[in-house]
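So the structure is just underneath, and the comments pick up after that.
There are 2 protein chains.
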Amino acid sequence: MRATALHTDLYQLTMIAGYLAGGIENHRATFELFIRRLPPHRSFVIAAGLDTALDFIESLRFTEEDVRWIEAIPALRRASPAFFGYLRQFRFTGDVWAVAEGTPFFPYEPLIRVTAPLAEAQLLETALLAIVNFQTSIASKAARIVGASGGRPVMEFGARRAHGVEAALYAARASHVGGCDSTSFVEAGREFGIPLSGTMAHSWVLAAGSELEAFQSYVDNFGEHSVLLLDTYDTVAAANLVVAAGLRPPAVRLDSGDFLELSRQVRAIFDAAGLKSTRILISGDLDENRIRDLIAAGAPIDAFGVGTALTTSEDAPALGGVYKLVQLQEGKRVRDVMKRSTGKATWPGRKQVFRVIEEDKAACDVIALDDEAGHGRPLLEQVVSGGARVVPRQTLAAIRARARDLIAELPEPLRHLEAEASYPVLVSSRLDQLRGQTQV
Amino acid sequence: MRATALHTDLYQLTMIAGYLAGGIENHRATFELFIRRLPPHRSFVIAAGLDTALDFIESLRFTEEDVRWIEAIPALRRASPAFFGYLRQFRFTGDVWAVAEGTPFFPYEPLIRVTAPLAEAQLLETALLAIVNFQTSIASKAARIVGASGGRPVMEFGARRAHGVEAALYAARASHVGGCDSTSFVEAGREFGIPLSGTMAHSWVLAAGSELEAFQSYVDNFGEHSVLLLDTYDTVAAANLVVAAGLRPPAVRLDSGDFLELSRQVRAIFDAAGLKSTRILISGDLDENRIRDLIAAGAPIDAFGVGTALTTSEDAPALGGVYKLVQLQEGKRVRDVMKRSTGKATWPGRKQVFRVIEEDKAACDVIALDDEAGHGRPLLEQVVSGGARVVPRQTLAAIRARARDLIAELPEPLRHLEAEASYPVLVSSRLDQLRGQTQV
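The listed protein sequences correspond, in order, to chains A and B. For the first sequence, the numbering used here gives the first residue as 1, with consecutive numbering after it. For the second sequence, the numbering used here gives the first residue as 441, with consecutive numbering after it.
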């Protein structure tokens with residue numbers, strides 16, 4: 001399930017045909033991917049999806065079947081044979097710089113910078129944005145949920161509400177980047193090595209002759225992996241049933257009702273019966289706010305299964321990342337460019353982002369031109385040179401650890417669930433001057 | 441890009457292992473897929489994704505590599521050899537009944553009903569829900585946007601904000617079901633035959649020597665397919681430039697600013713210059729409410745390009761469809777089952793939905809047992825028998841036409857953008873009795 005050449009918007013193809021007709025397809029272009037504003041309630045977002053995006057960039061080719069199909073598109077029927085020949089031999093030969101996955105970042109900071117022949121850089125746009133916008137949304141939501149959970153494990157359970165099965169897979173990946181401990185989605189375990197977790201479904205209880213039989217046979221079959229689902233009929237009655245039957249499941253799951261009240265009742269029943277090590281998991285319409293409230297109220301809950309709100313980033317399901325041309329080079333002539341559209345203006349020139357660290361904490365970021373130095377720790381590093389990766393593929397565990405460490409490095413108020421604080425992002429004086437000078 | 445056997449939640453596999461251990465894997469089970477409530481502002485939702493789901497069901501197999509991988513999952517290490525043998529020979533052999541794609545439906549109405557050996561029906565859950573929840577969300581959102589557009593064409597432009605490239609593909613499909621005219625996503629044109637549309641990007645204008653050059657060369661290259669993007673620097677100045685250069689583009693696109701004011705100014709400039717047939721398209725953060733407001737204000741806009749709000753169903757990005765066991769049959773013994781969980785109770789028994797038509801309008805629906813008749817037009821039809829499709833694959837154009845016709849058949853207030861009216865859904869007295877009788 002990898003993005004392919006036709007996973008693109010039609011206008012990328014028509015523009016490439018036009019660049020070829022105008023003889024500018026090989027002018028060296030730099031595009032930057034960035035967001036214009038933070039989603040609601042967020043004080044930062046977490047970069048994710050880069051590794052997936054690089055797989056796409058490295059493998060990007062048009063098959064003969066693709067090209068034949070493009071030849072039949074009405075808007076392209078008049079395109080020159082040179083255009084179709086170009087597609088047939090296409091491969092990405094450019095350079096890519098990127099912020100490492102798991103890094104918190106802010107509006108107007110380039111997250112990915114592509115320098116390549118104009119037509120090649122243009123073709124990346126649609127899939128690159130779809131991949132990075134999505135995974136960044138989900139990793140950022142996961143970081144909120146994990147932050148609210150105060151160290152209790154968070155399991156990603158949302159595949160059934162994801163935007164299709166591929167979205168389920170990459171939502172699991174991005175959730176792990178953002179700090180979730182495990183996923184229920186089996187393919188994500190295989191593809192990315194994420195620990196799998198699972199409990200039982202209501203159908204197990206309904207299919208058994210009785211609730212007691214359902215519990216007993218599950219424990220017989222799955223021993224230390226048993227998580228008994230208590231809410232099919234009545235949660236408290238089911239907890240009493242577990243105790244009366246002498247079962248000692250490692251964990252139970254509550255999936256409906258008043259979690260504060262029910263978790264207290266179930267805990268009391270289990271504690272009175274000596275089941276002190278039986279953990280209580282909850283699931284069902286959870287998000288970071290409900291989790292925070294339950295913990296603040298002292299609910300005796302040991303772990304959270306989070307689905308819909310996480311897997312769709314339900315309160316902010318789209319990240320508005322854009323990919324904009326910032327510089328063109330023709331021979332020795334370098335031209336920095338920018339849009340001036342109302343509300344959608346851009347910053348010209350090839351840029352770098354520096355994070356200024358003071359006493360082990362992030363103090364501010366500086367967006368500067370890429371040949372500036374000395375502002376702090378540079379965030380963009382080269383990941384592709386001449387079309388090939390130049391950095392080793394990182395494990396998801398390493399990316400997750402980076403996210404954890406770099407979130408901890410941010411000023412504490414940025415981790416509050418409401419966006420009460422904003423992080424200072426400065427622009428270097430040279431970049432500011434360039435913007436002033438950049439003409440149509 | 442088809443869902444596979446590992447696109448599932450871990451507990452589906454552990455439960456199958458448990459069903460085998462208990463010898464109940466072949467008890468004949470009926471599961472029903474339904475929603476419990478309408479998303480905010482919606483008075484109905486549009487069934488979509490069935491064809492995609494049937495492709496998954498028919499092709500569902502475990503490869504040897506899949507099985508080897510499952511053998512290493514900790515929770516399944518103790519599973520019997522019979523379980524792994526079962527996976528190796530797995531294919532779906534059951535029956536599926538479904539509401540035709542493009543049909544409006546309501547809470548608690550079974551949209552898909554699966555009757556199959558228990559373990560087979562169980563395995564479908566995760567992917568079936570991910571596919572159908574997502575496409576139904578998007579088709580329903582598209583119907584709102586198309587309804588608000590009052591007959592003006594709507595182009596789906598949202599791939600870059602979709603939840604990955606597969607989501608972009610199926611969002612384009614579902615948007616077309618819901619009434620959109622075209623998509624910018626090339627693969628959706630190839631895979632589903634949806635008409636493609638595209639304009640030009642800001643990078644085209646920025647890359648050219650000047651805005652005038654950009655426009656001129658685009659018209660030279662693309663003739664009657666040219667849509668000139670006016671807002672890179674200043675929309676009104678660009679419209680004047682088009683006129684001064686004597687260009688006669690078939691259409692222009694505005695992508696930022698005050699669309700009401702700008703569309704009026706651009707229209708006036710073009711009309712004064714005799715470009716009466718040049719159409720004005722707009723795009724940029726559009727949704728059904730903004731479109732309705734622009735049309736109500738008399739904005740001279742000919743077509744709408746809608747992205748993020750449509751492709752992610754931004755105001756309601758998840759549909760809470762569930763898949764619940766309603767009946768089990770062991771030999772001649774039939775047992776109807778239901779959950780009684782707080783706020784999540786279900787209706788027992790194998791059901792059918794009837795739509796009562798009065799004077800060519802939908803008057804109400806009746807949820808009844810599947811062997812009842814005479815309530816009206818039955819909505820569920822058999823689509824799979826013994827694991828194989830028994831209905832011909834429908835064209836997307838036919839599905840789109842059905843959606844248009846069946847939305848028109850609904851009471852008019854249901855088509856308002858605010859959920860001001862609710863459609864009557866009744867329960868047959870036999871179903872109501874069965875619920876009363878159904879015990880644990």
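Glycine included, C-beta positions come from ideal geometry on N, C-alpha and C. Here the structure is a predicted model, which is why all the values come from computation and not from measurement.
Residue i in three-state terms, based on DSSP
i                 : result
Arg42 of chain A  : coil
Gln767 of chain B : strand
Val645 of chain B : helix
Trp509 of chain B : helix
Thr555 of chain B : strand
Val440 of chain A : Confidence in Val440 of chain A is poor, its pLDDT being 45 and thus under 50, which makes the residue's placement too unreliable to answer from.
Glu418 of chain A : coil
Thr881 of chain B : For residue 881 of chain B there is no data in the structure shown, the boundaries of chain B being 441 and 880.
Thr470 of chain B : strand
Val659 of chain B : helix
Met15 of chain A  : helix
Arg517 of chain B : coil
Ala691 of chain B : strand
Pro386 of chain B : Limits of chain B in this structure are 441 at one end and 880 at the other, which puts residue 386 of chain B out of reach.
Ser140 of chain A : helix
Gly462 of chain B : helix
Ala237 of chain A : helix
Gly179 of chain A : coil
Glu109 of chain A : coil
Ala749 of chain B : helix
Arg601 of chain B : helix
Spatially closest choice to residue i from the options, by CA coordinates
i                 : options                                   : result
Asp698 of chain B : A:Gly223, A:Ser341 and A:Gly23            : A:Ser341
Arg28 of chain A  : A:Gly209, A:Gly331 and A:Gln433           : A:Gly331
Val626 of chain B : A:Ser197, A:Ile73, A:Pro300 and A:Arg402  : A:Ile73
Thr4 of chain A   : A:Phe62, A:Phe31 and A:Glu25              : A:Phe62
Ile497 of chain B : B:Thr454, B:Leu446, B:Asn466 and B:Trp509 : B:Leu446
Arg553 of chain B : B:Arg842, B:Ser825 and B:Arg844           : B:Ser825
Ala130 of chain A : B:Val605, B:Glu565 and B:Gly876           : B:Val605
Leu241 of chain A : A:Leu212, A:Ser256 and A:Leu229           : A:Leu212
Leu379 of chain A : A:Gly22, A:Ile46, A:Ile24 and A:Thr14     : A:Ile46
His225 of chain A : A:Ala245, A:Asp234 and A:Ser197           : A:Ser197
Phe84 of chain A  : A:Leu13, A:Pro117 and A:Thr115            : A:Leu13
Asp365 of chain A : A:Leu10, A:Glu25 and A:Val353             : A:Val353
Tyr11 of chain A  : B:Glu472, B:Phe474, B:Ala841 and B:Phe662 : B:Phe662
Residues near residue i in its chain [Cβ-Cβ closer than 8 angstroms; skip 5 each side]
i                 : result
Ala82 of chain A  : Leu20
Thr748 of chain B : Gly598, Arg601, Asp725 and Glu754
Val823 of chain B : Leu490, Leu494, Val536, Trp537, Ala538, Arg829, Val830 and Val831
Ala419 of chain A : Leu38, Pro40, His41, Arg42 and Ser43
Lys276 of chain A : Phe270
Leu721 of chain B : Met595, Thr639, Val667, Ala691, Val692, Arg693, Leu694, Ile741, Asp742, Ala743, Phe744 and Gly745
Residues near residue i by beta carbon distance below 6 angstroms, same chain, minus five either side
i                 : result
Glu381 of chain A : none
Gln575 of chain B : Ala488, Gly489, Tyr610 and Ala614
Ala803 of chain B : Val796
Arg350 of chain A : Thr30, Gln327 and Asp370
Gln216 of chain A : none
Contact set for residue i: own chain, Cβ-Cβ below 7 angstroms, skip 5 residues either direction
i                 : result
Gly458 of chain B : none
Glu120 of chain A : Phe92, Thr93 and Gly94
Leu406 of chain A : Gly102, Thr103 and Pro104
Arg2 of chain A   : Asp55, Phe56 and Ser59
Distance cut-off 7 angstroms: residue i Cβ against heavy atoms of the ligand FAD
i                 : result
Val605 of chain B : Absence of the ligand FAD is noted for the structure shown, with no ligands found whatsoever.
Requested in this report: Take every Cβ of the region 97-105 of chain A, pair it with every Cβ of the region 311-326 of chain A, and state whether three or more of those distances are shorter than 8 angstroms.
Outcome: Under the three-pair Cβ rule at 8 angstroms, the region 97-105 of chain A does not count as touching the region 311-326 of chain A.
Below 9 angstroms between beta carbons is the criterion; list the residues of the region 381-408 of chain A that meet it against any residue of chain B, in chain order. If the cut-off is 9 angstroms between Cβ atoms, the region 381-408 of chain A has nothing near chain B.
- Message: Any C-beta of chain A within less than 9 angstroms: which residues of the region 457-483 of chain B qualify?
- Response: Of all residues in the region 457-483 of chain B, only Ala457, Gly458, Tyr459, Ala461, Gly462, Ile464, His467, Ala469 and Phe471 come within less than 9 angstroms of chain A when Cβ atoms are compared, listed by chain position.
State whether the region 369-388 of chain A contacts the region 700-708 of chain B, with contact taken as three or more CB pairs (one from each stretch) at a distance under 8 angstroms. Contact between the region 369-388 of chain A and the region 700-708 of chain B is absent, because fewer than three Cβ pairs lie under 8 angstroms.
Item to complete: Specify whether the region 173-185 of chain A and the region 142-157 of chain A touch according to this definition: at least 3 beta carbon pairs, one from each stretch, less than 8 angstroms apart.
Response: Two segments are said to touch when three or more pairs of C-beta atoms, one from each, lie closer than 8 angstroms; by this definition the region 173-185 of chain A touches the region 142-157 of chain A.
- Inspect the CB distances between the region 362-372 of chain A and the region 315-324 of chain A and report whether three or more fall short of 8 angstroms. When Cβ pairs closer than 8 angstroms are counted between the two stretches, the region 362-372 of chain A is seen not to touch the region 315-324 of chain A, the count staying below three.
| message | Give me the subset of the region 607-636 of chain B whose CB atoms are less than 8 angstroms from a CB atom of chain A, sorted by chain position. | response | Result list: Ala607, Ala608, Leu609, Tyr610, Ala611, Ser624, Phe625, Val626, Glu627, Gly629, Arg630 and Leu636.
Checklist line | Meets three-Cβ-pair contact criterion under 8 angstroms: the region 545-565 of chain B and the region 863-871 of chain B | finding: Using a Cβ-Cβ distance cut-off of 8 angstroms, the region 545-565 of chain B and the region 863-871 of chain B are in contact, since at least three pairs of beta carbons, one from each stretch, lie closer than that value.
Name, going along the chain, the residues of the region 107-127 of chain A whose beta-carbon falls closer than 8 angstroms to a beta-carbon of chain B. Cβ contacts with chain B come from Leu118, Gln122, Glu125, Thr126 and Ala127.
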